[in-house]
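Mapping of the sequence shown onto the UniProt record's numbering: position 141 corresponds to residue 141, and the numbering continues sequentially without gaps. Using N, Cα and C, we set each Cβ at its ideal position, and we do this for glycine too. Just so we're clear, the structure is a prediction, and the values are computed from it rather than from any experiment. Have a look at the structure below before the remarks.
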Amino acid sequence: MIMEKLIVLGTGNASVTHCFNTCFALRHGDEYLLVDAGGGNGILAALEQQQIPLEQIHHIFVTHAHSDHILGMAWMIRMIGTKMNKGTYQGTLSIYCHKELEEAIKTIASLTVQAKICRHFDERIQFHVVEDGTVLDILGSRFTFLDIRSTKAKQTGFSCVTSNGIRVAFPGDEPCPDFLFDIFRDADWMFHEAFCLYEERSRFKPYEKHHSTVRDACELAQSLSIKNLILWHTEDKDIPHRKERYLAEGTPVYAGNLYVPDDGEQFSL
């Protein structure tokens with residue numbers, strides 16, 4: 001068995017209204033690892049549209065505490081906890097995050113979700129604290145969790161090697177920092193944020209928000225010899241033409257396979 005697919009649940013930044021906040025699932029057989037949960041109950045619609053049953057999500061990784069990544073966790077906990085209480089969810093839910101994020105998720109849930117669900121914390125809903133360099137086997141693949149040293153909010157990305165040797169680089173939702181270059185170099189896949197086009201940087205001001213442009217991300221991937229590059233965490237002002245415009249800016253500077261997915265697209269890894 002291998003981690004077969006990447007399912008893109010959302011592709012937008014924090015303030016989007018024409019697509020969902022960036023989050024995704026990695027599928028291995030009939031099981032899924034969810035990475036981030038978006039900013040609200042839109043995560044439930046995104047999972048339903050991709051026909052991902054909650055009963056088949058037993059692993060969730062949360063990168064950091066910004067609202068567009070963490071608030072959907074209240075809904076995941078509520079819905080999975082309800083299924084636990086009804087006897088329709090088997091086993092445990094494992095949530096992977098750094099220590100401060102564990103406390104934040106538990107606080108948000110305790111304020112918004114019934115006690116009869118939160119009682120599963122540390123029993124059937126288990127938190128696994130990951131630090132810089134933590135290595136874990138999840139659904140047949142080996143993850144090395146990496147503190148990206150964000151100056152905005154503590155954030156964790158990962159380097160992953162699937163059971164068939166595919167290397168995946170995910171530096172979170174900020175530009176890949178230079179101290180991770182050697183870890184990510186020559187990866188088969190990189191998932192990277194691209195807030196906007198370089199030509200529209202004066203309009204969207206990505207650098208003030210510590211984000212990349214399409215050209216920046218593609219130049220980085222080219223320098224690291226990345227084979228396949230996925231760009232997301234974007235603005236949403238022209239979704240119907242986003243793909244073609246981003247590809248037009250990125251392909252002249254990146255020789256690998258460049259993808260600008262819409263919400264709901266899937267990729268075989």
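If the five residues before and after T107 are omitted, its C-beta is found closer than 7 Å to no C-beta atom of its own chain. Of the candidates G10, P177, H18, S268, G10 places its Cα closest to the Cα of Q49. Judged by DSSP in its simplified three-state form, T144 adopts strand. A residue is called buried once 16 or more other Cβ atoms fall within 10 Å of its Cβ, and D173 is buried on that count. Here DSSP, grouped into helix, strand and coil, assigns E102 to helix. Annotation for A14: D68 place their beta carbon closer than 6 Å to its own, counting only its chain and skipping 5 residues before and after. Apart from the 5 residues on each side of it in sequence, K237 has no Cβ closer than 7 Å to any other Cβ in its chain. Inclusion of F143 and F61 in the CB contact set at 9 Å is warranted, their separation being smaller than that value. Within the DSSP bridge table, the entry for M190 names A169, L229 as partners. Under DSSP, Q266 forms a beta bridge with I7. Inter-residue distance for R203 and D216 is about 16 Å (C-alpha atoms, whole angstroms). Put simply, the backbone Cα of W189 is about 41 Å away from that of A115. At a Cβ-Cβ threshold of 9 Å, L269 and K5 count as neighbours. Runs of the beta strand (DSSP E) lying entirely within the stretch 29-117, each at least 3 residues long, are 31-35, 57-61, 93-97 in chain order. Rounded to the nearest angstrom, the gap between the Cα atoms of T156 and G87 is 33 Å. Minimum Cα-Cα distance from I70 among the listed residues T22, H28, V214, E219 corresponds to T22. Boundaries of the alpha helix (DSSP H) around D216: 214-223. Listed in chain order, the non-local C-beta contacts of Y254 below 6 Å within the same chain comprise C218, A221, Q222, local neighbours out to five positions each way being set aside.
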